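**Q** Residue numbers (UniProt numbering): 1 to 147.
Ideal placement from N, C-alpha and C gives every residue a C-beta, glycine not left out.
This structure is a prediction, so every number in the text was calculated from the model and none was measured.
Take a look at this one; I'll ask things after.
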């Protein structure tokens, strides 16, 4: 049962970090409230899944230029240029917002488009994603006594 819970959390966190409309927060909160699992393990699994999903977005962003001029490409050249300008303006530190719904996933794709070095991408996104799950855990469990 524990393996299934951890796998479900990992997959929901991974999927939620991609451009798929999934939620990992509800899964994490449900598992936290059951009080059957290690809080630290849940945090690590959720963070790992979410960061790996973001890494997939980064990788897709590095490949996107190849498809840019195809008729079916989902983003107009103007919108892509605007997104690139925004990322260029705020730089890699905008990835601290990678946890924010709606804008976070496109930010991780744009980091790949802008050729953000993978290791700096990974470090900043890990801090952002882990921070979100830490806050959510604190709010769910009512403070810091769970640390």
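By how many angstroms is the C-alpha of residue 35 removed from the C-alpha of residue 27?
**A** Here residue 27 corresponds to residue number 27 of the chain shown, with the count starting at 1. Here residue 35 corresponds to residue number 35 of the chain shown, with the count starting at 1. Rounded to whole angstroms, residue 27 to residue 35 spans 13 Å at the Cα level.
**Q** Between which residues of its own chain and residue 10 is the CB-CB distance below 6 Å, once the five residues before and five after are set aside?
**A** As a first step, residue 10 must be located in the chain shown, where it is residue number 10. Once the five neighbours on either side are set aside, the close Cβ partners of residue 10 are 45 and 49.
**Q** Return the CA-CA distance between residue 150 and residue 57, expressed in angstroms with no decimal places.
**A** Residue 150 is absent from the structure shown; the chain starts at 1 and stops at 147.
**Q** Whose C-beta lies closer than 6 Å to the C-beta of residue 113 among residues of the same chain, with five residues either side of it excluded?
**A** Taking the first residue of the chain shown as position 1, residue 113 is located at position 113. Once the five neighbours on either side are set aside, the close Cβ partners of residue 113 are 61 and 64.
**Q** Would you identify the three-state DSSP class for residue 25, choosing helix, strand or coil?
**A** Looking up residue 25 in the chain shown gives position 25. In this structure, residue 25 counts as helix in the three-state DSSP scheme.
**Q** Between residue 86 and residue 97, how many whole angstroms is the CB-CB distance? I'm expecting something under 8 Å.
**A** What you label residue 86 is simply residue 86 of the chain shown in a count that begins at 1. What you label residue 97 is simply residue 97 of the chain shown in a count that begins at 1. The pair is not a contact, with the Cβ atoms about 11 Å apart (cut-off 8 Å).
**Q** Suppose you measure from the CA of residue 23 to the CA of residue 71; what does that come to, to the nearest Å?
**A** For this step, residue 23 is matched to residue 23 along the chain shown. For this step, residue 71 is matched to residue 71 along the chain shown. The straight-line gap from Cα to Cα measures roughly 31 Å.
**Q** With the cut-off set at 7 Å, would you say residue 51 and residue 95 are in Cβ contact?
**A** Against the chain shown, residue 51 aligns to sequence position 51. Against the chain shown, residue 95 aligns to sequence position 95. Cβ atoms of residue 51 and residue 95: not closer than 7 Å.
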